[in-house]
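Chemist: To start, I am sharing the structure in question, which I have written as structure tokens.
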Amino acid sequence: MGDAIKKSVEKLGWKEHPIKIGDGKGGWIVEKSEYQFLHRKGGKYVFPYGIQKMDNGEIILLGAWHDGSVKYESTTEKPVVSFSNDNGDTWSELEIIPDAYNRPMTLAYLDNGCLTFQAAYIRYFSYDYGRTWKDRVQVPTASNGHEWNCEGNPLVEKDENCNIVI
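Laid out in structure tokens, this is it:
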């Protein structure tokens with residue numbers, strides 16, 4: 006194996022990455038942590054935006070893949086998903102979610118294989134652990150008439166029996 010290929014292979018996998026956590030007294034506690042990069046052939050980059058552990062034992066990662074085009078439009082970034090069944094040590098190939106555009110935000114796992122996320126003012130739903138995303142609804146505007154967009158993970162409240170409270 007050539008040196009360039011060896012270095013490329015060595016870059017894959019887990020890398021150390023300490024995390025600082027506030028100690029509640031104005032100081033920090035440093036915890037050991039690790040990260041890894043996921044790649045998709047072609048395009049420019051992949052940014053992760055959400056990760057959830059599901060009740061089938063898998064972890065789903067939701068990200069945005071830039072298709073490599075030079076124009077600046079929401080269609081240059083496409084939502085992609087990847088799955089791990091070994092706690093993130095290995096991942097499936099990143100798959101594009103068909104007919105979805107822009108950065109995916111607010112990934113939530115709603116139990117029994119149901120997931121949801123928002124991208125470009127559309128809410129997407131999957132009922133098969135993220136394999137297909139056929140149901141979509143327009144996100145309503147806020148009370149002031151402006152479009153509603155947010156990042157992060159939505160709050161999903163559950164009752165004492167772990168059922169989602171609506």
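With positions in the sequence shown counted from 1, the corresponding number in our numbering is that position plus 5.
Glycine is no exception: its CB is placed at the ideal position from the N, C-alpha and C atoms.
#1: Would you report the Cα separation of residue 143 and residue 34, rounded to the nearest angstrom?
#2: Measuring alpha carbon to alpha carbon, tell me which of 169, 69, 42 ends up nearest residue 48.
#3: Cutting at 8 Å between CB atoms, please list the residues of its own chain near residue 53, excluding the five before and the five after it.
#4: Given that a residue counts as buried once 16 or more other Cβ atoms are within 10 Å of its Cβ, and exposed if not, what is residue 107?
#5: According to the neighbour-count rule (16 or more other Cβ atoms, all chains shown, within 10 Å of its Cβ), is residue 25 buried or exposed?
#6: Distance, Cα to Cα, residue 84 vs residue 27?
#7: Within its chain, find whatever has a CB closer than 6 Å to the CB of residue 156; leave out the 5 residues flanking it on each side and keep chain order.
#8: Are the beta-carbon atoms of residue 158 and residue 112 separated by less than 8 Å?
#9: Please report the distance separating the alpha-carbon of residue 93 from that of residue 118.
#10: With distances taken from CA atoms, which of 58, 31, 105 is nearest residue 137?
#11: Count the other CB atoms within 10 Å of the CB of residue 38; is the residue buried (16 or more) or exposed (fewer)?
#12: Could you tell me the boundaries of the beta strand (DSSP E) in which residue 110 lies?
Modeler: Checking against the coordinates, here is how it stands:
#1: Here residue 143 corresponds to residue number 138 of the sequence shown, with the count starting at 1. Here residue 34 corresponds to residue number 29 of the sequence shown, with the count starting at 1. Taking the straight line from one Cα to the other gives about 43 Å.
#2: For the purposes of this step, residue 48 is identified with residue 43 of the sequence shown, where counting begins at 1. Measuring from the Cα of residue 48, the nearest candidate turns out to be 69.
#3: Your numbering for residue 53 matches position 48 in the sequence shown. For residue 53, where only same-chain residues beyond five positions count, the Cβ hits under 8 Å are 43, 66, 67, 68.
#4: For the purposes of this step, residue 107 is identified with residue 102 of the sequence shown, where counting begins at 1. Result: buried.
#5: Within the sequence shown, the letter at position 20 stands for residue 25. Exposed, because fewer than 16 other Cβ atoms sit within 10 Å of the Cβ of residue 25.
#6: Against the sequence shown, residue 84 aligns to sequence position 79. Against the sequence shown, residue 27 aligns to sequence position 22. Roughly 33 Å between the two C-alpha positions.
#7: By one-based count along the sequence shown, residue 156 stands at place 151. Counting only Cβ-Cβ distances below 6 Å, and skipping sequence neighbours, we find 110.
#8: For the purposes of this step, residue 158 is taken as residue 153 along the sequence shown, with counting starting at 1. For the purposes of this step, residue 112 is taken as residue 107 along the sequence shown, with counting starting at 1. Yes, the pair counts as a contact, with Cβ atoms nearer than the cut-off.
#9: As a working mapping, residue 93 is identified with position 88 in the sequence shown. As a working mapping, residue 118 is identified with position 113 in the sequence shown. Cα to Cα, residue 93 sits roughly 19 Å from residue 118.
#10: The sequence position of residue 137 within the sequence shown is 132, counting from 1. Closest option to residue 137, Cα to Cα, is 105.
#11: Taking the first residue of the sequence shown as 1, we reach residue 38 at position 33. Answer is exposed; the Cβ neighbour count stays below 16.
#12: Counted from its first residue, the sequence shown places residue 110 at position 105. Per DSSP, residue 110 belongs to the beta strand (DSSP E) from 110-114.
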